[in-house]
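Engineer: Residue numbers (UniProt numbering): 1 to 895.
Once you've had a glance at the structure underneath, I'll fire off some questions.
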Amino acid sequence: MSAVVWLTLLLAVVSAVDKSNFKTCDQSSFCKHQRNVKPGSSPYRALLESLQLSQESMKIQLINEENKVPLLLEFYGLKGNMTRLRINELKPLKPRYEVHDVLIQDPPTSRLSVTGRDENSVELSLEDGSHKVILTAKPFRMDLLAGRDLVLSVNSRGLLVFEHLRQRKDSFSDKVSDMVVSIWDRITNIFSSHTYLKLPVFKIMIYFIPLVPLLIVPIFFFFLNFQPEDDSQKDPEEDPGSWEETFKTHTDKKPNGPTSVGLDFSFPGVENVYGIPEHADNLRLRTTEGGDPYRLYNLDVFQYELYNPMALYGSVPVLLAHSAQRTLGMFWLNAAETWVDITSNTAGKTMFGKMLDYIQGGGETPQTDVRWMSESGIIDVFLLLGPSPADLFKQYASLTGTQALPPLFALSYHQSRWNYNDEEDVTAVDNGFDEHDIPYDVIWLDIEHTNGKRYFTWDANKFPHPQEMLQRLAAKRRKMVSIVDPHIKVDTGYRIHNEIRSRDLYVKTKDGNDYEGWCWPGSAGYPDFTNPQMRSWWSSMFAYDQYEGSMENLYTWNDMNEPSVFNGPEVTMHKDAIHQGGWEHRDVHNLYGFYVQMATMEGQVQRSGGLERPFVLTRSFFAGSQRYGAVWTGDNAAEWDHLKISIPMCLSLSLVGISFCGADVGGFFKNPEPNLLVRWYQAGAYQPFFRAHAHVDTTRREPWLFGDENKALIREAVRERYALLPFWYTLFYQSYRTGQPVMRPLWVEYPQDPTLYPIDDEYLLGDALLVHPVTAQGARGVQVYLPGKGEVWYDVHTHQKLHAPQTFYLPVTMSSIPVYQRGGSIVARKERVRRSSECMQNDPYTLYVALGPQGTAQGDLFVDDGHTYNFETKGEYLHRLFRFSGNVLTARYPV
């Protein structure tokens, strides 16, 4: 069977998600093992006599009372109201993996001091004086207090698990030792036998001589491999799967044995937690009792199922805990497969029940418990102490960086499908937008534009003149994006493959050979992007003299970078594959896509000599991916529920630093009915990344193919996007500078309003625009909630003034896009919409001033050339703060 036929059949099989292809917690040995550890008294004790305190850290040993394995705990106070907790083995058999390249710097530390001590505890004060940490020795736990309020506990449920590196019990030396013991037992039996004791000595020696060779050889190897056994470190019987685990037809041999780590955290007074994307689920995380934990393990999941904690394409191990009193966060810096359990003592209680508890003065204080479980690595967790949402975003940005400022065109509308057939097709689609008066900036090419799925190439029959095609687009001030995936066709006639192999930069198998798997080209190698040399070489391939046919208006899309391996376990790479430094893939899995996008982004910057800002879209991501470009929500479907879920999915990403997010408009799989397509354009126009994309087997869906009425509705939605580009661009500049999300849940701006905590069908853009997309089939109206006691909001279409807080029913038609401007804000627009964003560069701005209750308003505007780094390197930009007061509009530089 040819590779093409084989892959076609595979695609047909996996075109809808089969959950049996992906593990549950019970099928993941370390997750099942850790979950079997029940809350109770922890076996760990802190050795207070080992405590070492410096100006920047506290170090103390922990001992597991059951196996006597010592651990080292390090605790740091960090500048900006944060702390860091690290736990590792004190003396591991070999180093354990620690994540690199995600933090933008070593976080600056603040002073710690011991302010109290007794026989079972130590009290530490952080530099700001408002926070204290109480470390209890037996059983080990840590409590963090703000003033007199307990805000966070560590290991209060006793679920710390740290599986230390060890030798396998049935290792070679153990087998030899058992053999020696067996032979010695035979000899002992011989001499203890009454029969042999009656024989003369020389006859006994004759019987003994045949046993000598049997004894000498194993004794030699026994002493060669002998290590004294430490009775104090004996482990209980290990779970099945500790050293070898089979899922379906794949067996994962684990040369390092069980190495998982886990720890629990408790948030008293908290009922609402968010984050840990990516999951196709509600914004507010659910409790996981009675079901699977949320899984963080980057996977290629076709047509994913909704409202499910199963893993998707990216992982950001950041969780936010919010109450009316404060917002807290935690960043679990671990790139291995991770599961997150969430439990709550108020789960299942109705709102009426909670109110009754409050009225009666009874009931428990609400508490949410979060348990992290990772397959390998160390425990390295940052605790972000807020206390406000804005503080928390700033704290996390200080660790992993802010959202990169995209070029202006990237915030415009993108047109894509798998695949535009050839150069003539591209030209026809491009001309179609002009003919139908619909603006757009970027047209995309999927895998079929290449020469047989060989990336950095063009199909000579379909795309024989790529530069001429790009020049035609450039003449209209438009761009193109081509796909470059990280699976490389194994073909000795393919330059990219030959160079990677000659430089020895592929991921290896456990046996030291180049790792190969099946993907779109057939047999493919996988570059080791954890290796800086590989990333540097990959970046160099985007140079104009290396990527033949490329030009400055060609940008890049990294797909399939989980990595996707069609014939691998769970459609990804084998965990025992080997990366640079000897690290197993299990240690670095969730970082692979992060490194691919990093290398691609750096390649785009380098090709322009550091002048031009890049645009790179990625499907797989990790914490810190916001520094390198945009993400999208993967292979969704043309279904109303998929449209609806796009909002909480992007909101979850925004909360953990990734503001540049969007979903495939219209749905990737299946064919949308016209009403769904229109509603998706209307929603997509108000999401940060705005791209239509579709599967190769779907019918064509350019905006003018659904009749004049629907075309007009789509045109109006796209034009609204273009009119607001100055506002979008300013929001992204603010996010780049401060780390504040562009698209944000309502509670971020109104943190003390509990009504807002579960809302994820409407949201804010910055602090000025409230958007409530219509996402229900056949909807005749929507329930809109306007927050803010004493505030006013204005319908952006009718300018009707509405007082808040209130919930009201808004009747809608197919032309309705419910959007409201906050009273007291100023929003910049460009009302003269042209065919692309660059064509609007010199057009005038219009300021929409929405007066607040006091008759004042303010807002800002950022303007630069829209595509270079000159705003940073040369100070070539304008940033103005507008203020309207006393019927006078003023503009000044922001302080």
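We put the beta carbon where it would ideally sit given N, CA and C, even for glycine.
Note that this is a predicted model, so its numbers are computed, not measured.
#1: Residues in the same chain with beta-carbon distance under 8 Å from F484, minus the five sequence neighbours each way, listed in chain order, please.
#2: Only counting the same chain, and skipping five residues up and downstream in sequence, which positions put a Cβ closer than 7 Å to that of G147?
#3: Going by alpha carbons, who is nearest to E119 out of K575, Y869, L47?
#4: Please classify R829: does DSSP put it in a helix, a strand, or coil?
#5: So who's on the other strand from P532, going by DSSP bridges?
#6: Starting from Y455, follow its DSSP beta bridges and name the residues at the other end.
#7: What does the Cβ neighbour count give for T251, buried or exposed, with the cut at 16 atoms within 10 Å?
#8: Got a sec, what are the start and stop residues for the beta strand (DSSP E) Y44 sits in?
#9: Using only alpha-carbon positions, find the residue among D264, N567, Y413, Y785 that is nearest to G525.
#10: Quick check: the Cα distance between Y591 and A336, rounded to an integer number of angstroms?
#11: Go through its chain and collect everything with a Cβ distance to V301's Cβ below 6 Å, but skip five positions before and after it.
#12: Look at the Cβ atom of P258, then the Cβ atom of E238, and state whether they are nearer than 8 Å.
#13: To the nearest angstrom, how far is it from the Cα of V796 to the Cα of Y820?
#14: Please check the pair L78 and S110, which I expect to be a contact at CB under 8 Å, by giving their CB distance rounded to whole angstroms.
#15: Start and end of the beta strand (DSSP E) containing F871?
#16: Is it true that the CB of R45 sits closer than 8 Å to the CB of P108?
#17: With I87 as the anchor, note down where its beta strand (DSSP E) starts and where it stops.
#18: Ordered along the chain, which non-local residues of its own chain (more than five positions away) have a Cβ less than 8 Å from that of P210?
#19: Tell me which residue opens and which closes the beta strand (DSSP E) that V819 is part of.
#20: Output yes or no for whether 8 Å exceeds the beta carbon distance between R880 and D860.
#21: Just list the beta strand (DSSP E) runs in the region 669 to 703, keeping only unbroken ones of 3 residues or longer that don't cross its boundaries, in chain order.
#22: Taking 8 Å as the threshold, find out whether the region 764 to 782 comes into contact with the region 735 to 747 through three or more Cβ pairs.
#23: Quick check on this structure: which residue in S388, Y304, R472, L878 has the alpha carbon closest to the alpha carbon of Q740?
#24: Considering only C-alpha positions, which residue in the set Y515, R832, N419 is nearest to D843?
#25: Reducing DSSP to helix, strand and coil, say where M469 ends up.
#26: Give a yes or no on whether the minimum CB-CB distance between A804 and chain B is below 8 Å.
#27: According to DSSP, simplified to helix, strand and coil, what is N308?
#28: H33 by DSSP, collapsed to three states: which one?
#29: Are D281 and N298 closer than 8 Å when you measure CB to CB?
#30: Kindly indicate which three-state DSSP category P527 falls into: helix, strand or coil?
#31: Which of the three DSSP states is assigned to T813 in this structure?
#32: Does DSSP put Y294 in a helix, in a strand, or in coil?
#33: Let me know if Q471 comes out buried or exposed under the rule of 16 or more other beta-carbons within 10 Å of its beta-carbon.
#34: Where does N887 fall in DSSP's three states?
#35: Between which two residues does the alpha helix (DSSP H) holding I379 run?
#36: Would you tell me roughly how many angstroms separate the C-alpha atoms of F226 and Q167, rounded to the nearest one?
Structural biologist: In terms of the structure at hand:
#1: Correcting the residue identity first, residue 484 is Val in this sequence and not Phe. Result list for V484: Y455, F456, T556, W557, N558, T600, in chain order.
#2: Taken in chain order, the residues that qualify are S130.
#3: Checking every option, the nearest Cα to that of E119 belongs to L47.
#4: Here R829 sits in strand by DSSP.
#5: Answer by DSSP bridge pairing: none, since P532 is not bridged.
#6: Paired residue(s): none; Y455 is not in a bridge.
#7: Residue environment analysis places T251 among the exposed positions, since fewer than 16 neighbouring C-beta atoms fall within 10 angstroms of its C-beta.
#8: Boundaries of the beta strand (DSSP E) around Y44: 44 to 53.
#9: Among D264, N567, Y413, Y785, the Cα nearest to that of G525 is on N567.
#10: The identity of residue 591 in the sequence shown is Leu, whereas the question assumes Tyr. Between L591 and A336, the alpha-carbon positions lie close to 9 Å from each other.
#11: Closer than 6 Å at Cβ, skipping near neighbours: V17, L312.
#12: Going by C-beta atoms, P258 is nearer than 8 Å to E238.
#13: V796 and Y820 have their alpha carbons spaced roughly 5 Å apart.
#14: Contact between L78 and S110 holds: their C-beta atoms lie close to 6 Å from each other, under 8 Å.
#15: No beta strand (DSSP E) holds F871; the alpha helix (DSSP H) holding it covers 870 to 873.
#16: Not a contact, by the Cβ cut-off of 8 Å.
#17: For I87, the enclosing beta strand (DSSP E) begins and ends at 82 to 89.
#18: Per-residue confidence for P210 stands at a pLDDT of 47, beneath the threshold of 50, marking its modelled position as unreliable; no derived number is given.
#19: Residues 819 to 822.
#20: The answer is yes: Cβ separation under 8 Å.
#21: Those beta strand (DSSP E) runs which fall completely within the region 669 to 703 and span 3+ residues are 690 to 692.
#22: A contact exists between the region 764 to 782 and the region 735 to 747.
#23: When each option's Cα is compared against that of Q740, the closest is S388.
#24: Closest option to D843, Cα to Cα, is R832.
#25: M469: helix per DSSP, three-state reduction.
#26: The structure shown contains no chain B, having only a single protein chain.
#27: Judged by DSSP in its simplified three-state form, N308 adopts coil rather than helix or strand.
#28: The answer is helix: DSSP assigns H33 an H, G or I state.
#29: In this structure, D281 keeps its C-beta atom at 8 Å or more from the C-beta atom of N298.
#30: P527 falls in the strand class under three-state DSSP.
#31: Reduced to three states, the DSSP call for T813 is coil.
#32: Looking at Y294 - three-state DSSP - the assignment turns out to be strand.
#33: Exposed: under 16 other Cβ atoms inside 10 Å.
#34: Reduced to three states, the DSSP call for N887 is coil.
#35: Where I379 is concerned, there is no enclosing alpha helix (DSSP H), although the beta strand (DSSP E) it sits in stretches over 379 to 384.
#36: Because the pLDDT of F226 is 43, which lies under 50, any placement of that residue in the model is unreliable, and the number read from its coordinates should be weighed accordingly. Looking at the two C-alpha atoms, the distance is approximately 12 Å.
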